[in-house]
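Let me begin by presenting the structure, written as structure tokens, before commenting on it.
There are 2 protein chains.
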Amino acid sequence: MPVLTKNSPRLRDEERARLIWLLTTDKAVTSTLLGKLTFAEQYDDGTLRDDLAEVGALVAHLPAPDLADTLEALPSEERHALWRMVEDDKRGKVLLEASENVWDDLIDEMSDKALLDALTTLDIDEQIYLVQHLPRNLTGRLMASLPADERARVHQVMNYARNSVGAIMEFGVITLRPDVTLGAVQRYLRRLGKMPANTDKLFVTSRDNTLLGELALQTILLNPALRRVEEVMDAEPVAFHPQESAEKVARTFERDNLLSAAVVDSEGKLMGRLTIDEIVDVVYEETDNDIRQMSGLSNEEDIFAPVTRAVKTRWAWLAVNLCTAFIASRVINGFEHTISQLVALASLMPIVAGIGGNTGNQTITMIVRALALQYIQPGNFSFLILREMGVALINGVVWGGIMGLVTWWLYDDPHLGGVMMLAMVLNLLVASLMGVLIPMIMIKFGRDPAVGSSVMITAITDTGGFFIFLGLATLFLL
Amino acid sequence: MPVLTKNSPRLRDEERARLIWLLTTDKAVTSTLLGKLTFAEQYDDGTLRDDLAEVGALVAHLPAPDLADTLEALPSEERHALWRMVEDDKRGKVLLEASENVWDDLIDEMSDKALLDALTTLDIDEQIYLVQHLPRNLTGRLMASLPADERARVHQVMNYARNSVGAIMEFGVITLRPDVTLGAVQRYLRRLGKMPANTDKLFVTSRDNTLLGELALQTILLNPALRRVEEVMDAEPVAFHPQESAEKVARTFERDNLLSAAVVDSEGKLMGRLTIDEIVDVVYEETDNDIRQMSGLSNEEDIFAPVTRAVKTRWAWLAVNLCTAFIASRVINGFEHTISQLVALASLMPIVAGIGGNTGNQTITMIVRALALQYIQPGNFSFLILREMGVALINGVVWGGIMGLVTWWLYDDPHLGGVMMLAMVLNLLVASLMGVLIPMIMIKFGRDPAVGSSVMITAITDTGGFFIFLGLATLFLL
Numbered sequence: 019m020p021v022l023t024k025n026s027p028r029l030r031d032e033e034r035a036r037l038i039w040l041l042t043t044d045k046a047v048t049s050t051l052l053g054k055l056t057f058a059e060q061y062d063d064g065t066l067r068d069d070l071a072e073v074g075a076l077v078a079h080l081p082a083p084d085l086a087d088t089l090e091a092l093p094s095e096e097r098h099a100l101w102r103m104v105e106d107d108k109r110g111k112v113l114l115e116a117s118e119n120v121w122d123d124l125i126d127e128m129s130d131k132a133l134l135d136a137l138t139t140l141d142i143d144e145q146i147y148l149v150q151h152l153p154r155n156l157t158g159r160l161m162a163s164l165p166a167d168e169r170a171r172v173h174q175v176m177n178y179a180r181n182s183v184g185a186i187m188e189f190g191v192i193t194l195r196p197d198v199t200l201g202a203v204q205r206y207l208r209r210l211g212k213m214p215a216n217t218d219k220l221f222v223t224s225r226d227n228t229l230l231g232e233l234a235l236q237t238i239l240l241n242p243a244l245r246r247v248e249e250v251m252d253a254e255p256v257a258f259h260p261q262e263s264a265e266k267v268a269r270t271f272e273r274d275n276l277l278s279a280a281v282v283d284s285e286g287k288l289m290g291r292l293t294i295d296e297i298v299d300v301v302y303e304e305t306d307n308d309i310r311q312m313s314g315l316s317n318e319e320d321i322f323a324p325v326t327r328a329v330k331t332r333w334a335w336l337a338v339n340l341c342t343a344f345i346a347s348r349v350i351n352g353f354e355h356t357i358s359q360l361v362a363l364a365s366l367m368p369i370v371a372g373i374g375g376n377t378g379n380q381t382i383t384m385i386v387r388a389l390a391l392q393y394i395q396p397g398n399f400s401f402l403i404l405r406e407m408g409v410a411l412i413n414g415v416v417w418g419g420i421m422g423l424v425t426w427w428l429y430d431d432p433h434l435g436g437v438m439m440l441a442m443v444l445n446l447l448v449a450s451l452m453g454v455l456i457p458m459i460m461i462k463f464g465r466d467p468a469v470g471s472s473v474m475i476t477a478i479t480d481t482g483g484f485f486i487f488l489g490l491a492t493l494f495l496l
Numbered sequence: 019m020p021v022l023t024k025n026s027p028r029l030r031d032e033e034r035a036r037l038i039w040l041l042t043t044d045k046a047v048t049s050t051l052l053g054k055l056t057f058a059e060q061y062d063d064g065t066l067r068d069d070l071a072e073v074g075a076l077v078a079h080l081p082a083p084d085l086a087d088t089l090e091a092l093p094s095e096e097r098h099a100l101w102r103m104v105e106d107d108k109r110g111k112v113l114l115e116a117s118e119n120v121w122d123d124l125i126d127e128m129s130d131k132a133l134l135d136a137l138t139t140l141d142i143d144e145q146i147y148l149v150q151h152l153p154r155n156l157t158g159r160l161m162a163s164l165p166a167d168e169r170a171r172v173h174q175v176m177n178y179a180r181n182s183v184g185a186i187m188e189f190g191v192i193t194l195r196p197d198v199t200l201g202a203v204q205r206y207l208r209r210l211g212k213m214p215a216n217t218d219k220l221f222v223t224s225r226d227n228t229l230l231g232e233l234a235l236q237t238i239l240l241n242p243a244l245r246r247v248e249e250v251m252d253a254e255p256v257a258f259h260p261q262e263s264a265e266k267v268a269r270t271f272e273r274d275n276l277l278s279a280a281v282v283d284s285e286g287k288l289m290g291r292l293t294i295d296e297i298v299d300v301v302y303e304e305t306d307n308d309i310r311q312m313s314g315l316s317n318e319e320d321i322f323a324p325v326t327r328a329v330k331t332r333w334a335w336l337a338v339n340l341c342t343a344f345i346a347s348r349v350i351n352g353f354e355h356t357i358s359q360l361v362a363l364a365s366l367m368p369i370v371a372g373i374g375g376n377t378g379n380q381t382i383t384m385i386v387r388a389l390a391l392q393y394i395q396p397g398n399f400s401f402l403i404l405r406e407m408g409v410a411l412i413n414g415v416v417w418g419g420i421m422g423l424v425t426w427w428l429y430d431d432p433h434l435g436g437v438m439m440l441a442m443v444l445n446l447l448v449a450s451l452m453g454v455l456i457p458m459i460m461i462k463f464g465r466d467p468a469v470g471s472s473v474m475i476t477a478i479t480d481t482g483g484f485f486i487f488l489g490l491a492t493l494f495l496l
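Residue numbers (the working numbering), protein chains in the order written: chain X, 19 to 496; chain W, 19 to 496.
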């Protein structure tokens with residue numbers, strides 16, 4: 019394999035794995051780093067010294083995003099140990115790249131001052147983002163450290179909601195006037211000496227900062243130096259407002275293959291820009307959150323958090339689940355007389371409930387995704403309900419029919435078989451109807467349709483399945 | 019609101035919604051487009067004529083990616099109708115942007131020749147991608163239409179697996195020699211007159227096409243025209259191999275904030291490049307697939323497919339689910355004597371099974387995501403199992419204790435309460451253990467850990483829950 023240079027992703031994959039291995043398998047490494055071993059104890063252990071040296075070399079070599087990933091993949095104690103090794107000037111960047119689930123662990127040994135110092139290596143928009151969302155209130159101290167003219171701008175940005183464009187935009191933009199030549203632009207850029215990361219275009223503004231157009235770097239390179247900016251710029255650029263939802267904007271980036279885009283205020287004045295690297299983070303986070311929320315996991319759950327914290331983040335959904343299971347149990351309890359007459363019902367009822375849960379979960383997963391992709395519109399909603407119920411009807415008749423025959427054969431009772439089939443058809447219909455309605459209703463009430471949808475649909479199909487099956491049995495079999 | 023230019027994403031959002039509304043609410047529109055209404059019938063209906071004109075204007079105005087999204091959000095008949103309106107020279111692009119779930123519908127009225135003609139508007143790599151994956155074999159005809167020297171290169175690319183770097187790379191790269199000056203580079207670019215889309219850097223190669231470095235457009239603009247390429251290029255670029263997994267490469271793009279990267283063969287020779295827009299598509303697809311697969315939905319399921327097709331894509335998992343439910347039912351059946359003695363067990367057993375399913379699903383969701391993020395390494399695996407079991411133990415004791423007390427109070431039977439609590443603790447331990455083990459084992463056997471993992475864990479916690487609860491009841495209560 020060629021191109022295994024010092025920045026090779028493959029090499030860094032190996033280095034991250036090695037670092038995790040060193041910290042988790044040799045307890046002495048973590049203990050030493052946390053200051054729990056005396057110098058003599060350390061000195062006696064040759065392997066330990068080698069391991070410590072290797073950890074140091076790896077931490078020094080790995081770039082901040084890789085360190086962030088490594089920290090996320092460590093249990094709390096090892097995470098603290100590794101964090102102590104990270105140099106001060108890398109810490110800000112690592113914090114920024116790490117997910118918020120591990121922020122608690124990372125900052126709990128740092129003083130306010132140390133934390134603010136770590137942030138100074140970052141751009142002002144990144145500092146604001148961290149200061150606003152870190153689990154410690156540093157906003158005042160950060161503001162105090164800023165020059166007066168910046169403070170006003172920062173204040174303006176602080177109020178945007180977490181998942182809005184305003185919260186993830188960058189301030190670092192290069193602006194041009196429309197009447198200069200490309201040659202002048204190039205001289206200006208050489209004098210600047212650098213551009214913000216991921217700059218693929220410059221923004222053309224009027225004297226009062228109104229966005230007039232965009233000038234791609236490509237355009238500068240492809241056109242003669244004597245052309246003026248306004249002749250070659252894109253005068254109808256895609257621009258976003260700071261209040262817009264980052265997830266929705268991400269879809270536009272994907273659709274239009276954008277690399278960056280301007281953010282403008284309600285008067286069309288340039289405020290900053292969005293870049294594709296932030297958007298990729300939004301996409302990963304969004305889908306990650308969807309998956310977690312559907313199965314009733316908290317967003318804040320960190321996979322390597324200690325037991326106590328994991329218990330805390332999960333108890334709410336467990337409690338919800340227990341309540342719904344308890345209700346289902348009470349439904350069955352209402353039919354105890356029926357069951358005592360025909361104990362076979364107790365064996366068969368979980369089939370009806372289970373198949374409903376499965377179908378309901380399939381339907382709800384599709385609808386939640388379709389909503390995220392903006393595929394569901396008033397016009398096609400009725401088609402969707404009818405389609406899902408059609409699928410449920412066919413599946414119910416086919417599979418319910420099969421289970422009905424099996425039941426008939428097993429218990430030698432055609433009536434029991436008939437009840438089985440009918441109950442399956444009905445519960446599948448309930449499952450698909452609710453699978454469409456639940457997320458739609460949650461959207462109507464401004465809720466995230468993914469949150470706990472799986473727990474909810476299972477509750478309905480369980481309770482419904484037991485009620486339908488035992489109810490039909492009471493009607494027809496007793 | 020300003021900046022609602024003709025390309026505004028908000029305007030296009032509205033236009034897509036309007037198009038869907040026109041096609042789905044006025045049946046006559048679709049009928050006319052599909053040629054089911056006579057001219058006289060059309061002519062009589064003023065609204066219809068207006069609607070048709072509006073549909074025509076919208077289709078002409080919306081860019082290809084928006085048309086692709088609209089087509090995906092329509093039932094099959096309306097989809098066919100809209101597709102007939104799309105101009106020939108836009109069709110290739112729309113096919114490329116549409117998800118594969120709708121390809122069937124789009125191409126089934128097109129002849130082979132019409133399809134190949136539609137593809138000619140695309141780059142050769144895009145043509146190859148479509149020809150390889152469209153549900154119709156056109157590879158031979160496409161190859162025949164290519165010049166002999168391109169055919170060899172195409173043959174080489176055709177063999178890469180669907181989710182590999184090779185399948186999504188682009189051939190369109192601009193290469194430079196290391197010894198020319200930046201001024202010469204700029205003259206060369208002006209002569210070329212254009213660059214491939216999303217070009218943020220050029221590639222520096224030797225005479226035998228070995229990749230020597232990368233030259234960012236920024237670097238050309240920021241440095242004096244007399245500097246030579248080799249003095250300012252990045253000589254250690256991140257490069258990928260065509261066999262690598264696209265999903266893994268996407269993580270590297272995210273981690274390193276890449277916009278594009280070279281693809282090189284095993285000898286370090288430049289083959290093409292990857293761009294962030296393809297990577298964003300990979301990310302959306304990957305996470306979408308994960309969500310679908312966990313709940314046992316087929317990848318090919320198109321949310322607006324007709325009922326018959328939806329039945330076909332879902333029957334397999336329903337059958338699996340029915341089998342597992344049947345096994346659980348047989349377990350209960352083995353305890354019918356116990357239940358007939360104490361019919362309260364029938365009401366309580368779904369609680370034990372349900373809480374296990376909930377916990378198991380939470381655990382498995384976390385593990386699947388952590389595996390995708392490469393957080394799980396040999397070193398931290400045992401921590402993870404112990405942690406999940408610790409969480410399960412605490413939750414089991416707390417919630418099992420509460421349910422035990424409730425049971426005691428409801429049925430006035432302390433022994434039944436004790437069995438309830440013990441069964442819940444044990445089933446939660448089973449759920450968390452299997453929630454970690456199932457995805458790990460699937461990885462070991464080279465399977466995708468997301469596929470059907472939710473169905474599997476539910477099967478285990480149901481069967482296990484019934485067995486543990488009824489088994490304990492038989493032991494201690496009879």
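Even glycine gets a Cβ: it sits at the ideal position worked out from N, Cα and C.
Predicted model only: the values in this text are computed from it and were never measured.
Applying a beta-carbon distance threshold of less than 7 Å, which residues of chain W neighbour Met-365/X? According to the sequence as given, residue 365/X is Ser; it is not Met. Neighbours of Ser-365/X on chain W, chain order: Ser-347, Ile-350, Asn-351 and Glu-354.
Which of the residues in the stretch 392 to 404 of chain W, read from start to end, lie with their CB under 8 Å from any CB of chain X? Gln-392, Tyr-393, Ile-394, Gln-395, Pro-396, Gly-397, Asn-398, Phe-401 and Leu-402
Do you know offhand how far Thr-425/W's Cα is from Leu-488/X's? 22 Å
Does the Cβ-Cβ distance between Tyr-393/X and Glu-90/W come in under 8 Å? yes
Name the chain W residues that come within less than 8 Å of Phe-271/X, Cβ to Cβ? Val-298
Between Val-198/W and Ile-238/W, how many whole angstroms is the CB-CB distance? I'm expecting something under 8 Å. Between Ile-238/W and Val-198/W the Cβ distance is about 11 Å, and since that is not below 8 Å, they are no contact.
Quick one: any contact between the stretch 44 to 56 of chain W and the stretch 474 to 484 of chain X, if contact means 3 or more CB pairs under 8 Å? no
Residues of the stretch 311 to 331 of chain W in Cβ contact with chain X at a cutoff of 9 Å, in chain order, please. Met-312, Ser-313, Gly-314, Leu-315, Glu-319, Ile-321, Phe-322, Ala-323, Pro-324, Val-325, Thr-326, Ala-328 and Val-329
With DSSP as the reference, label Met-232/X as helix, strand or coil. In the sequence under discussion, the amino acid at residue 232/X is Glu, which differs from the Met named in the question. Three-state result, Glu-232/X: strand.
Out of Thr-139/X, Glu-232/X, Val-256/X and Val-338/X, state which residue places its alpha-carbon closest to the alpha-carbon of Arg-246/X. Glu-232/X
Let's see if you can read the secondary structure: which residues bound the beta strand (DSSP E) around Thr-9/W? The requested residue 9/W is not part of the displayed model; chain W covers only 19 to 496.
Does DSSP put Arg-180/X in a helix, a strand or coil? coil
Proximity to Leu-140/X [Cα-Cα], best of Gly-158/X, Leu-124/X, Ser-117/X and Lys-108/X: Lys-108/X
For Trp-426/X, would you say it is in contact with chain W, using Cβ-to-Cβ distances shorter than 8 Å as the test? no
Can you tell me which residues form a DSSP beta bridge with Ser-263/W? Ser-182/W
Where DSSP assigns a beta bridge to Lys-287/W, which residues make up the other side? Thr-228/W
If distances are taken between C-alpha atoms only, which option among Ser-182/W, Thr-157/W and Arg-180/W comes closest to His-173/W? Thr-157/W
Opposing strand residues paired with Thr-293/W [DSSP bridges]: Ser-278/W
Cβ-based neighbour list, Leu-194/X, same chain, cut-off 8 Å, excluding 5 preceding and 5 following: Val-203, Tyr-206, Leu-220, Phe-221, Val-222, Thr-223, Leu-233 and Val-247
Mind pulling the chain X residues with CB within less than 9 Å of Glu-232/W? Under the 9 Å cutoff, chain X gives no residues; its nearest Cβ is about 11 Å from Glu-232/W.
Among the candidates Arg-348/X, Ile-321/X and Ile-369/X, whose CA atom is the shortest distance from the CA of Cys-341/W? Ile-369/X
Express the C-alpha separation of Ser-284/X and Met-19/W in angstroms, rounding to a whole number. In this prediction, Met-19/W scores a pLDDT of 38, lower than 50, which makes its location untrustworthy; the coordinate-derived value is nonetheless stated afterwards. One C-alpha to the other measures close to 6 Å.
Go ahead and pull the three-state DSSP assignment for Arg-246/X. strand
In this structure, how does DSSP classify Arg-353/W when only helix, strand and coil are distinguished? Here residue 353/W turns out to be Phe, not Arg, going by the sequence shown. Coil at Phe-353/W, not helix or strand.
For Leu-244/X, count neighbouring Cβ atoms within 10 angstroms of its own Cβ and tell me buried if that reaches 16, exposed if not. exposed
On the DSSP bridge assignment, give the partners of Ala-257/W in chain order. Ala-280/W
Interface flag, Val-361/W vs chain X, CB-CB below 8 Å: yes
Only counting runs of 4 or more residues, tell me where the alpha helix (DSSP H) segments fall wholly within the stretch 106 to 156 of chain X, in order along the chain. 106 to 115, 121 to 125, 130 to 137 and 142 to 151
Put Leu-100/W into one of helix, strand or coil per three-state DSSP. helix
If Ser-472/X sits next to Asn-398/X, beta carbons under 8 Å apart, how far is it from one beta carbon to the other, in whole angstroms? No, Ser-472/X and Asn-398/X are not in contact; Cβ-Cβ is about 24 Å, not under 8 Å.
Alpha carbon to alpha carbon, how far is Ala-82/X from Arg-34/X? 12 Å
Below 8 Å CB to CB, which residues in the same chain sit around Val-21/X once its five sequence neighbours on both sides are set aside? Low confidence applies here, because Val-21/X scores a pLDDT of 43, under 50, leaving its location unreliable and the question unanswered by this model.
Under three-state DSSP, which class holds Leu-22/W? Legend: pLDDT at Leu-22/W = 46, less than 50; position of this residue unreliable, no value from coordinates given.
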